[in-house]
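To keep things clear, I will list the structure first and then write my remarks on it.
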Amino acid sequence: MSRLVEHAFYFKDPAIVARKLLGKLLVRRLGNRVISGMIVETEAYYGEDDPASWASKGDNWIRRVMYGEPGRTLIYMVHGHWLLNVVAMPPGVPAGVLIRALEPLEGVDLMVRNRGVNNLRLLTSGPGRLTRALAIDKSLHGLPVYKKDSPIQIIYHREIPDSEVGRSGRIGVKRDLDIPLRFYIKGNPYVSVGKKPKSSG
DNA sequence: CGCCAGATTGACT
DNA sequence: GTCAATCTGGCGG
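For the first sequence, the numbering used here gives the first residue as 9, with consecutive numbering after it.
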């Protein structure tokens, strides 16, 4: 039984949304086939006060979307790879959550075909990898993930207790904030390898 | 139209 | 750990 994550969920602080997205399912509908995976790694991005956020870089289409309606996809390309974000906070407040890694669930055969690799570990363990595995590109930009008829959705799956949640600084950003805004499920083999947690404690 | 930035990945040392 | 490849949007001319 799949229960769609409600629209109101995305009106919160991106760090909260990022944390609570862990354990939920990202579902991609392709014709009569379904590809899905559990979200195991996310990052939160703010607006003006976040030097790593593209919402702080002046007028562009990304900025417009981040200021827009929460619960919609924000898809753009970096270094030749599509990256999938979900807009957070109410309209007028720029924020978003980057989906960084999934644990493959349904449609693994399609993911293998899309990625061209047979190694489960490498299928969706990275922001650019999972978009390719799920056939996500700019054509899906701006779509709501909370609607029943959407080709890309997020549904409830599993609650992750605090004891299983790890945090660290965001990966690949030049100017990070002082607080750790990357969230991941400890010990999950599909979490992308990156920075180590700030402290061992 | 040309040039550059950029939240990545994959291969090599 | 380090380095090159890959693609689109934004901006200047």
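The beta-carbon is built from N, C-alpha and C at its ideal position, and this holds for glycine as well.
Quick caveat: nothing in here was measured; it's all calculated off a predicted structure.
Close Cβ partners of D58 (< 7 angstroms) along its chain, the five nearest in sequence each way excluded
Here residue 58 is taken as the residue at index 50 of the first sequence, counted from 1. So the qualifying residues of the chain are S64, L185.
Write down the C-beta distance between T211 and L91 rounded to the nearest angstrom, noting that I regard them as a contact closer than 8 angstroms.
The structure shown does not extend to residue 211, since the chain spans only 9 to 209, so no value can be given for it.
Reducing DSSP to helix, strand and coil, say where N122 ends up.
Numbered from its first residue, the first sequence carries residue 122 at position 114. Note: N122 maps to helix in three-state DSSP.
Nearest-angstrom Cα separation, counted from Y75 out to I83:
Stepping through the first sequence from its first residue, residue 83 is reached at position 75. Stepping through the first sequence from its first residue, residue 75 is reached at position 67. Approximately 14 angstroms, taken between the alpha carbons.
Note the first and the last residue of the continuous alpha helix (DSSP H) segment covering R129.
For this step, residue 129 is matched to residue 121 along the first sequence. From DSSP, the alpha helix (DSSP H) with R129 extends over 128-131.
Residues of its chain near K155, where Cβ-Cβ distance is below 8 angstroms and the 5 sequence neighbours each way are ignored:
Position 147 of the first sequence, counted from the first residue, corresponds to residue 155. Around K155: L12, Q161.
Give every residue of the same chain whose Cβ lies closer than 6 angstroms to the Cβ of V101, excluding the five residues on either side of it in the sequence, and list them in chain order.
By one-based count along the first sequence, residue 101 stands at place 93. So no residue of the chain qualifies.
Which residue or residues does DSSP assign as beta-bridge partners of M85?
In the first sequence, the residue the question calls residue 85 occupies position 77. DSSP lists W90 as partners of M85.
Tell me which residue opens and which closes the alpha helix (DSSP H) that A141 is part of.
As a working mapping, residue 141 is identified with position 133 in the first sequence. From DSSP, the alpha helix (DSSP H) with A141 extends over 135-141.
With which residues is V105 paired in a DSSP beta bridge?
To locate residue 105, count along the first sequence from 1; it is residue 97. Looking at the DSSP assignment, V105 forms a beta bridge with A52, V94.
Is the beta carbon of K32 closer than 8 angstroms to that of I163?
Residue numbering aside, residue 163 sits at position 155 when the first sequence is read from its first letter. Residue numbering aside, residue 32 sits at position 24 when the first sequence is read from its first letter. The answer is yes: Cβ separation under 8 angstroms.
Between the C-alpha atoms of L34 and M46, what's the straight-line distance to the nearest angstrom?
As a working note, residue 34 is residue 26 in the first sequence. As a working note, residue 46 is residue 38 in the first sequence. Spanning the two alpha carbons is a distance of roughly 6 angstroms.
Could you tell me whether the Cβ atoms of F17 and M97 are closer together than 8 angstroms?
For the purposes of this step, residue 17 is identified with residue 9 of the first sequence, where counting begins at 1. For the purposes of this step, residue 97 is identified with residue 89 of the first sequence, where counting begins at 1. For F17 and M97, no; Cβs fall outside 8 angstroms.
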